[in-house]
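Structure record follows, encoded as structure tokens.
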Amino acid sequence: IQILILITRLERNSSSIFSKSPPHNSPSYLAYKAYKILMDLGCPEHGDVEDTVRFIMREMMSGFLIFDQKGLKLTPKEALVIKDHSINFVRNLLIYLKDSAFNGVYTLIQHIIVRIPDKADLRTKGVQVVIELLDVFPHSLYSKTVVWVMSVCHSEQAKYRITGLEIVTKLLYGNERTPSSPLRPFTPSKRTSNKRNGSADDEGEEEEEENNILTQQPDFSTTKYLLGTIFSRFRDTSSTVKAKALAIVANLISSNNRNMKHEMESIFVTPYLHADNIENSNVYEKNFFDFVHFLKNLKKETNPNVDPLPGAKAIIDLLEIFVEDEKVFVRKSALQVLANIFLMNEKWMSKKLLQVMVDNCRDMSVSVRKLLVQCLTDLLIHYPSHAELPKYWVMGVLPLLADQEIKSQEKVLEALQTT
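Under this note's numbering, the first residue of the sequence shown is numbered 1, with each subsequent residue one higher.
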């Protein structure tokens, strides 16, 4: 297996060897045949299939670690080609070995995630590899992996929690997966297809049977649970993780993504449409979901319809605390979340919370002061007929014309021009 994996690395220039057979007199053909032999090793006559897959995945690991290529002397393009080949091979393996390959591939993605470095640029590359790999997973394996990623978001080490949050965020911006979500198409050779799965009718029956089974099992990889995982990190002990979660939610609230819009409105808008006073709503007092307890008792959980999203009051209460946090990034992100909530639903724009924003216009950090100038100006433009808002804008923004920082002064002048 080690030698075959090394042979697959001969192709470093083209990502298309899985879609068409390369010329026979080229190194690419050797790589292509090596992948074919690795696939054939998955037959039961070569030994335990699950063990074989685990061995293959272990040796292929380096092909996915494009964020850690020390000593391999690969150009960025070559590393990407090898990564693409590796993902294509895993997709192929999952289609033809089905659940026999699940454990090996599941272990592979776990190892990739824990090896992602604690550096922003490298973490971004690593997270993208994970997302591309998840994209070729059948729903049952995808769901199992996503729940494990949720547990990573509650890991003891902050670097793993941040990695988990970035993966969850990427998943939220994608299309929600269901048991019937199709995999990307892949056309194998006739020999491999007949050997593994029989006829196309048999394959269709197997997929239908798998989907029927899956519909009877709880699925906790939904948008609500992913979003609830991010909200749960609002109460993280690490300021870095807390600020990360706040910044993610601020972006999600203002996102045009249809799923995100629906979920955020279910928290901050829909329950209060017909309420004169938002405090009279039944979900107003809804607290944070206990994800730690949920993950510890996952095998006992049978109801995926439980809403893991917190009520708006619980979120607002935390934001009021965070705007006074000692860490600049926590304060800044919390204020951005608050402003985005106001833009989503005017009913949250109480005198108390507007005063909170005005008070923070005197923050020690120039970046916070600049942010609030922008936020208050955006609110003024968005709600031109609001009776109280101009007063708070004048109280918060205009004094910054005399700010000791030129950047703050410039931001106020810019705001004056737009209003």
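The beta carbon of each residue, even a glycine, is placed where N, CA and C say it ideally should be.
Distance, residue j Cα to residue i Cα
i    : j    : result
V105 : K170 : 20 angstroms
V130 : R115 : 11 angstroms
N259 : I248 : 15 angstroms
M395 : Q355 : 9 angstroms
A420 : M60  : Beyond the ends of the chain as shown, which are 1 and 419, falls residue 420; an answer cannot be given.
L318 : N92  : 47 angstroms
Q2   : R9   : 11 angstroms
L38  : V146 : 27 angstroms
M364 : T240 : 19 angstroms
R235 : I7   : 49 angstroms
L400 : R362 : 8 angstroms
I230 : P310 : 11 angstroms
S143 : E265 : 25 angstroms
E414 : N340 : 20 angstroms
D48  : F137 : 22 angstroms
T424 : Q374 : Because the chain spans 1 through 419 in this model, residue 424 falls outside it and cannot be assessed.
S408 : A402 : 9 angstroms
T237 : V306 : 26 angstroms
N175 : V366 : 38 angstroms
S189 : L94  : Residue placement at S189 cannot be trusted, given a pLDDT of 33 that sits under 50; the coordinates are not used to answer.
K370 : I381 : 17 angstroms
E263 : S232 : 15 angstroms
F294 : D219 : 13 angstroms
P44  : L141 : 21 angstroms
E320 : K224 : 24 angstroms
I5   : V90  : 13 angstroms
Any non-hydrogen atom of the ligand FMN closer than 7 angstroms to residue i Cβ
i    : result
I248 : No copy of the ligand FMN appears in this structure; indeed no ligand is present at all.
Rounded distance between the beta-carbons of residue j and residue i, thought under 8 angstroms
i    : j    : result
A334 : L227 : About 18 angstroms; that fails the 8 angstroms criterion.
V53  : L80  : With a Cβ gap of about 24 angstroms, V53 and L80 do not count as contacting.
W494 : L376 : The structure shown does not extend to residue 494, since the chain spans only 1 to 419, so no value can be given for it.
V368 : R331 : 6 angstroms
K351 : E410 : About 29 angstroms separates the two Cβ atoms, so there is no contact after all.
N297 : V323 : Actually they are not in contact, since the Cβ atoms of N297 and V323 sit about 34 angstroms apart, beyond 8 angstroms.
H154 : P179 : That belief does not hold up - the Cβ atoms of H154 and P179 are roughly 26 angstroms apart, past 8 angstroms.
F291 : A314 : Not really, about 14 angstroms apart at Cβ, beyond 8 angstroms.
L353 : L372 : The Cβ separation is near 13 angstroms, so there is no contact.
Close beta carbons around residue i, own chain, < 8 angstroms, minus the five adjacent residues each side
i    : result
I17  : E11, S28, A31, Y32, Y35, H85
N103 : E50, V53, R54
P117 : F67, D68, R123, G126
M349 : F342, L379, Y383, H386, L389
F64  : K83, S86, I87, L108, I112, V129, L133
S21  : Y29, Y32
Residues near residue i in its chain [Cβ-Cβ closer than 6 angstroms; skip 5 each side]
i    : result
K347 : Y272, I278
S193 : Confidence at S193 is low in this model, with a pLDDT of 36, below 50, so its placement is unreliable and no value can be given for it.
L41  : T52
L252 : M260
V152 : Y160, G164
F268 : A312, I341, M344, N345
Beta-carbon proximity list for residue i, same chain, < 7 angstroms, skipping 5 on both sides
i    : result
E78  : R12
M57  : G104, V105, T107, L108
K244 : I162, L165
Beta carbon proximity, residue i to chain D, threshold 8 angstroms
i    : result
R331 : Annotation note: the requested chain D is absent from the structure, which comprises a single protein chain.
### Query
Could you give the uninterrupted runs of the alpha helix (DSSP H) lying entirely in the stretch 269-354, keeping only those of 4 residues or more?
Taking only runs of at least 4 residues, the alpha helix (DSSP H) segments lying wholly in the stretch 269-354 are 291-296, 312-322, 328-344.
### Task
Evaluate the contact criterion for the stretch 120-129 versus the stretch 143-158: three or more CB pairs, one atom per stretch, below 8 angstroms.
A contact between stretches requires three or more CB pairs, one per stretch, nearer than 8 angstroms, and the stretch 120-129 fails this requirement with the stretch 143-158.
### Query
Mind pulling the alpha helix (DSSP H) runs of 4 or more residues that sit fully within the stretch 89-117?
Entirely contained in the stretch 89-117, the alpha helix (DSSP H) runs reaching 4 residues are, in chain order, 102-114.
### Continuous alpha helix (DSSP H) assignments of at least 4 residues falling wholly in the stretch 220-267
As far as the stretch 220-267 is concerned, its whole alpha helix (DSSP H) runs of at least 4 residues are 223-232, 239-253.
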